[in-house]
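**Q**
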Amino acid sequence: MKKAIIDLSLFFPYQLSQLQATVSNCIAQVYGGKYQLSRQEWRVLATLNNQEALNASQIGEQCDLDKMPTSRAIKSLVERGLILRREDTQDKRASLLSLSDTGQNLMQDIAPLVLAQEQEILSALSPKEQATMVKLLEKLQAHANSLNH
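The numbers in the sequence shown follow the numbering used here, run straight up by one, and end at 1520.
In structure tokens, the structure reads:
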């Protein structure tokens, strides 16, 4: 039997994983350095920045984080005064979380920097290539979702 050979450098899942890690590290330089935020904390803040209030499960789902990293990030952000916790009147077992004034101010500072870093990364592609990439990524995501049944 002939041995199957996989060249990781040409293997799409590996290439995608490498790109994701590199891009994430570039973006993390913005929020991790001066602002001392972990990747998970950044995701929680970015999610809450676009919402009125969410519970921890909703945050984890939207951030694509497991329960434990979500919980740790929330605990740290509450301790730092960046998010507020209040009782959920619909579900007494849960808390609703939202950005504090300090958290909102922090996001106002970070957002333009992160968006500028994103644009710097994307500047390797023309606007037409960027639009094509978005369409291709959406198509691949939809197909991969259909295979994960």
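Ideal Cβ positions, reconstructed from N, Cα and C, are used throughout, including at glycine.
Quick caveat: nothing in here was measured; it's all calculated off a predicted structure.
On the DSSP bridge list, what partners appear for R1456?
**A** DSSP output for R1456 lists L1468 as bridge partner(s).
**Q** Just curious, the alpha helix (DSSP H) that S1442 is in, first and last residue?
**A** Run containing S1442: 1438 to 1450, per the alpha helix (DSSP H) assignment.
**Q** Check whether the Cβ atoms of R1457 and L1467 lie closer than 8 Å to each other.
**A** Yes, these two residues count as a Cβ contact at 8 Å.
**Q** For L1587 and I1454, which I take to be in contact (beta-carbon distance under 8 Å), what is that distance rounded to the nearest angstrom?
**A** A question about residue 1587 goes unanswered here, because the residues of the chain that appear run from 1372 up to 1520.
**Q** Which residues share a DSSP beta bridge with L1425?
**A** DSSP lists L1468 as partners of L1425.
**Q** Which of the three DSSP states is assigned to M1478 in this structure?
**A** Helix at M1478.
**Q** Check whether the stretch 1471 to 1485 and the stretch 1402 to 1414 are in contact - that is, three or more C-beta pairs closer than 8 Å.
**A** These segments touch.
**Q** Give a yes or no on whether the C-beta atoms belonging to L1496 and Y1406 are separated by under 8 Å.
**A** The answer is no: Cβ separation not under 8 Å.
**Q** For Q1400, report the span of its alpha helix (DSSP H) as first-last.
**A** Taken as a continuous stretch (DSSP letters only), the alpha helix (DSSP H) holding Q1400 covers 1383 to 1403.
**Q** Where does A1495 sit, in a helix, a strand or coil, going by DSSP?
**A** A1495 falls in the coil class under three-state DSSP.
**Q** Determine the DSSP secondary structure at M1372, reduced to helix, strand or coil.
**A** DSSP places M1372 in coil when its eight states are reduced to three.
**Q** Quick one: is G1431 buried, meaning 16 or more other Cβ sit within 10 Å of its Cβ, or exposed?
**A** With 16 or more other Cβ atoms within 10 Å, it is buried.
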